[in-house]
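Numbering (the working numbering), first residue to last: 963 to 1481.
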């Protein structure tokens, strides 16, 4: 164990140095001796060298050169090293489960160590030779620190419960990381959700989003306003530096134009928040779906009668309005082959099952028959706008009855025609499914829906344009797919099937969507 600890802390000093161990003079000579490159070795991924030369940074295929100099790596004992930094919600439970499953699939032996500061360190070994082939370090801080480490070259991959902010994008570009919003620089690996929670002894069972915003901003301070006892509300949130804490304010307060009240109690993580709420019958907290613990989740209700809970299917389709994607942000440089294989594994169906078993929501598409959507169609009849007549509802039922709804749904950022983060990930997921032939000889229908603001016919036309835009985006992303084998079309029913009340911006945003139906 002493030797293991020594190796771990030696690895930590390597990680913290920002690859300083490689920043030494090397000379790469082609095997025929005709080409020679000298400079500082910035990195080696097991296949390619990155060298800072007088011509700038060059990437050189290791199979074609011989390395000479003090910084040259030992090719026979090469160890793929990677540091993840950021959200403990991702790094404490989900990533270890995925690393363990990956090691089993690749027939590697796995050693796990919890370091004195709470970080996690994994060593993957060749079972026959016993030598290390990979080292994975997870630095468990918060989303802010994850981006800071990535920008400072103190980690390779940032784990975040929120999208990167404009200031972080600017600093990343200044640090030479390029555009971190570009294709391939980030991915949604799984889904979580923000949920309001109370003690099980609290009689309140549901809350509207506007009321929740008022509670957080101090506009509602007593449970009696919400149908509960005459007692003050104690509000609990995650720390302001965490992705969950920041997402709570972004999703609940910003749309309402409100600021957080001063009396809010902050917590460093989900377990401590859940424990505090559980012990106080008059507490209300906002936490992640995966860290509810023994508290009671409040449904999100609407004044028009809708009520939504953060069940797996509602989160996957984004019908639940407080979905929280779980992000990985990647550097522009090549990562070691073993690390690239791990990142590819995250999209594998077996990894999606691991994600689900770990308590999070996977992104594997599911098909929902119309027979399991009775509530949605009942709401369509009960809540459709005054301009949606029986003929339009009958047309919708006739069109969709032979089809099944995919859980792959597309929604848009507030006040924008740009797809939100989860939906941009859905474009890539669906495109890859088309490329591997998953929907060959089948029919996909992109169906647009809208909110109820404005004339019904105008809303239907807008919804159709959105459906066509999403279909075109998927076709463009599916570069290697044989689209002649797939029938794809666009349809729209405008405001005929609302998912939430139209009396709030949250509800209108949920209703503006493009669903995918398949036959």
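No residue lacks a Cβ here, since even glycine has one placed at the ideal position from N, Cα and C.
Range of the contiguous beta strand (DSSP E) that encloses residue i
i            : result
residue 1291 : 1285–1291
residue 1151 : 1148–1160
residue 1243 : Where residue 1243 is concerned, there is no enclosing beta strand (DSSP E), given that its DSSP letter is neither H nor E.
residue 1212 : Where residue 1212 is concerned, there is no enclosing beta strand (DSSP E), although the alpha helix (DSSP H) it sits in stretches over 1205–1214.
residue 1228 : 1227–1229
residue 1010 : 1010–1015
residue 1122 : 1119–1122
residue 1301 : Residue 1301 -> not in any beta strand (DSSP E); alpha helix (DSSP H) instead, spanning 1299–1307.
Identity of the residue in the options nearest residue i by Cα
i            : options                   : result
residue 1475 : 1376, 1248, 1448 and 1078 : 1376
residue 1412 : 1204, 1340 and 1373       : 1373
residue 1028 : 988, 1422, 1085 and 1125  : 988
residue 1422 : 1026, 1241, 1457 and 1170 : 1457
residue 1128 : 1172, 1106, 1077 and 1251 : 1106
residue 1305 : 1118, 1139, 1026 and 1033 : 1118
residue 1213 : 1078, 1040, 1290 and 1125 : 1125
residue 1404 : 1120, 1478 and 1043       : 1478
residue 1170 : 1468, 1473 and 1401       : 1468
residue 1317 : 1063, 1021, 1031 and 1025 : 1063
residue 1255 : 1227, 1329, 1157 and 1289 : 1157
residue 1241 : 1310, 1193, 1162 and 1184 : 1162
residue 1294 : 1021, 990, 999 and 1003   : 1021
residue 1432 : 1387, 1303 and 1465       : 1387
residue 1007 : 1239, 1324 and 1044       : 1044
residue 1225 : 1190, 1182 and 993        : 1182
residue 1246 : 1392, 1452, 1408 and 1193 : 1193
residue 1209 : 1136, 1277, 1285 and 1352 : 1285
residue 1150 : 1287, 1078, 1035 and 1251 : 1287
residue 1180 : 1203, 1186, 1222 and 1211 : 1222
residue 1185 : 1358, 1104 and 1243       : 1243
residue 1299 : 1351, 1048, 1026 and 1042 : 1042
7 Å CB neighbourhood of residue i in its chain, flanking five on each side removed
i            : result
residue 1385 : 1372 and 1373
residue 1050 : 1102 and 1231
residue 1414 : 1347, 1457, 1460 and 1464
residue 1445 : 1437
Residues of its chain near residue i, where Cβ-Cβ distance is below 6 Å and the 5 sequence neighbours each way are ignored
i            : result
residue 1218 : 1175
residue 1088 : 1095
residue 1323 : 1153, 1274, 1277 and 1278
residue 1001 : 1013, 1014 and 1015
residue 1252 : 1154, 1321 and 1322
Identified DSSP bridge partners for residue i
i            : result
residue 1074 : 1084
residue 1482 : Outside the displayed span of the chain (963 to 1481) sits residue 1482, for which this structure offers no information.
residue 1453 : 1409
residue 1330 : 1367
residue 1262 : 1169 and 1270
residue 991  : 998 and 1028
residue 1475 : 1373 and 1411
residue 1247 : 1159 and 1198
residue 1023 : 1010
residue 1184 : 1194
Delimiting residues of the alpha helix (DSSP H) encompassing residue i
i            : result
residue 1106 : 1105–1113
residue 1274 : 1274–1278
residue 1006 : Looking at the DSSP string, residue 1006 is not in any alpha helix (DSSP H); the run it does join, the beta strand (DSSP E), is 998–1006.
residue 1173 : 1171–1179
residue 1440 : Unbroken run through residue 1440: none, as it is neither H nor E.
residue 1360 : 1352–1362
residue 1312 : 1311–1319
residue 1067 : 1057–1067
residue 1136 : 1128–1136
Buried versus exposed, by CB contacts within 10 Å (16 or more), residue i
i            : result
residue 1081 : buried
residue 1069 : exposed
residue 1122 : buried
residue 1140 : exposed
residue 1462 : buried
residue 1460 : buried
residue 1033 : buried
residue 1038 : exposed
residue 1481 : exposed
residue 1336 : exposed
residue 984  : Model confidence at residue 984 stands at a pLDDT of 43, short of 50, so the residue's coordinates are unreliable and nothing is read from them.
residue 963  : No answer about residue 963 holds up, because its pLDDT of 42 lies below 50 and its placement is not dependable.
residue 1138 : exposed
residue 1052 : buried
residue 1189 : exposed
residue 1417 : exposed
Chain-order list of residues whose beta-carbon lies under 8 Å from that of residue i (same chain, five-residue window excluded)
i            : result
residue 1419 : 1349 and 1456
residue 1394 : 1309 and 1440
residue 1168 : 1260, 1261, 1262, 1263 and 1269
residue 1282 : 1155, 1262, 1270, 1271, 1272, 1273 and 1276
Chain B contact for residue i (CB, 9 Å cutoff)
i            : result
residue 1360 : Among the chains of the structure shown, chain B does not appear; only one protein chain is present.
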